[in-house]
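Below: one structure, written as structure tokens.
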Amino acid sequence: MAAIAAAGTVAVAVVAGGVFALSGRDEDSASTRAAASVQQAPLDASVGGLSKASPTPTASVPPSAVPSATSRKTKGPTAKPSAAARRTAGPGTAPAQRRQQSAPVGAGASAPTAGTPATGKAADYVQRIAALVNAERAKAGCSPLRVDGRVRAAAQAHADDMAARNYYEHVSPEGRHADDRMNAAGYPAGKWGENIHKGPKDPVSAMRDWMNSPAHRDNILDCGFKDLGVGVNLSANGPWWVQNFGG
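Heads up: the sequence shown at position 119 corresponds to 228 in this note's numbering, and the numbers run straight through without jumps.
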């Protein structure tokens with residue numbers, strides 16, 4: 110899910126059994142909107158002092174700021190968070206291969222196929238988001254996600270592409286979904302999810318919005334996911350936040 114300020118639009122997409130469906134509702138504000146994918150649950154105030162903000166799911170996410178989530182189950186505050194998730198392919202193919210590049214998570218032009226790793230403050234934000242995700246999963250009784258370089262590359266590529274071409278959607282102008290981006294990065298996506306957000310200035314705000322949106326929270330707290338990739342782009346027309354999940 111992509112998440113932004115508490116005032117925006119959330120989108121979630123879901124695909125099950127090979128069927129792609131969109132569902133959700135809008136909460137657009139003049140200033141914000143975002144998008145997210147698989148599961149969501151409220152944040153505890155003890156994690157980074159997260160406060161409450163509640164994004165709403167929509168069938169599509171406009172280019173403003175509100176978190177958005179997609180899970181092939183897909184749902185489409187600055188922009189609202191948006192979520193997308195996919196549960197069609199079960200645990201995915203070649204689990205050993207998918208985890209080969211994984212490591213435990215610590216406390217304008219055409220669409221890119223792999224993102225350049227974030228540096229400086231953006232790199233710090235990537236690590237902070239991963240830590241916040243696993244803190245929430247621990248409270249829900251889920252195993253920690255492992256940061257996978259390929260999933261990270263797909264997430265960063267999407268954050269960079271949205272910033273470069275100034276659109277806010279789970280699906281690129283060429284029609285590429287999160288699983289297409291993960292496959293292009295060398296990760297055989299089976300079950301997958303994506304959360305996007307535009308606008309939040311820091312990781313705590315982005316996570317707060319995602320966790321206050323059911324579709325985005327569902328992705329974060331889906332115990333079936335094993336791998337995580339986070340992309341952050343701090344361009345002036347953002348910031349842009351992406352979470353990709355693989356199972």
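Where a beta carbon is used, it is the ideal one built from N, C-alpha and C, also for glycine.
N-terminal and C-terminal residue of the alpha helix (DSSP H) that residue i is part of
i	result
His-279	It is not in any alpha helix (DSSP H) - His-279 carries neither H nor E in the DSSP assignment.
Lys-230	229-248
His-286	Unbroken run through His-286: none, as it is neither H nor E.
Asp-336	It is not in any alpha helix (DSSP H) - Asp-336 instead sits in the beta strand (DSSP E) that spans 336-342.
Asp-318	312-320
Reduced DSSP secondary structure (H/G/I, E/B, other) of residue i
i	result
Arg-261	helix
Asn-328	helix
Ala-193	strand
Asn-292	helix
Ala-345	coil
Lys-161	Any reading at Lys-161 must be qualified, since the residue scores a pLDDT of 39, below 50, and its modelled position is unreliable; the value itself is stated next. Lys-161 falls in the coil class under three-state DSSP.
Leu-131	A caution first: Leu-131 carries a pLDDT of 32, below 50, which makes its placement in the model unreliable, though a value can still be read off. Of the three classes helix, strand and coil, the one that applies to Leu-131 here is strand, per DSSP.
Sub-8 Å separation of residue i and residue j beta-carbons
i	j	result
Ala-192	Asn-304	yes
Asp-288	Asp-336	no
Gly-355	Arg-261	no
Ala-227	Val-341	yes
Ala-268	Trp-349	yes
Arg-300	Gly-347	Position check: residue 300 holds Lys in this sequence, whereas Arg was assumed. No, the pair does not count as a contact, with Cβ atoms beyond the cut-off.
Arg-255	Tyr-296	no
Ser-344	Pro-176	no
Asp-331	Gly-302	yes
Minimum Cβ-Cβ distance from residue i to chain B less than 8 Å
i	result
Met-316	Of the chains in the structure shown, none is chain B; there is only one protein chain.
Residue span of the beta strand (DSSP E) that contains residue i, given as start and end
i	result
Asn-353	349-355
Gly-308	Unbroken run through Gly-308: none, as it is neither H nor E.
Would you call the segment 243-258 and the segment 269-285 in contact, with 3 or more CB pairs under 8 Å?
no
For the segment 314-322 and the segment 224-232, state whether three or more C-beta atom pairs, one from each stretch, are separated by less than 8 Å.
no
Would you check if there are 3 or more beta carbon pairs closer than 8 Å linking the segment 278-286 to the segment 247-263?
no
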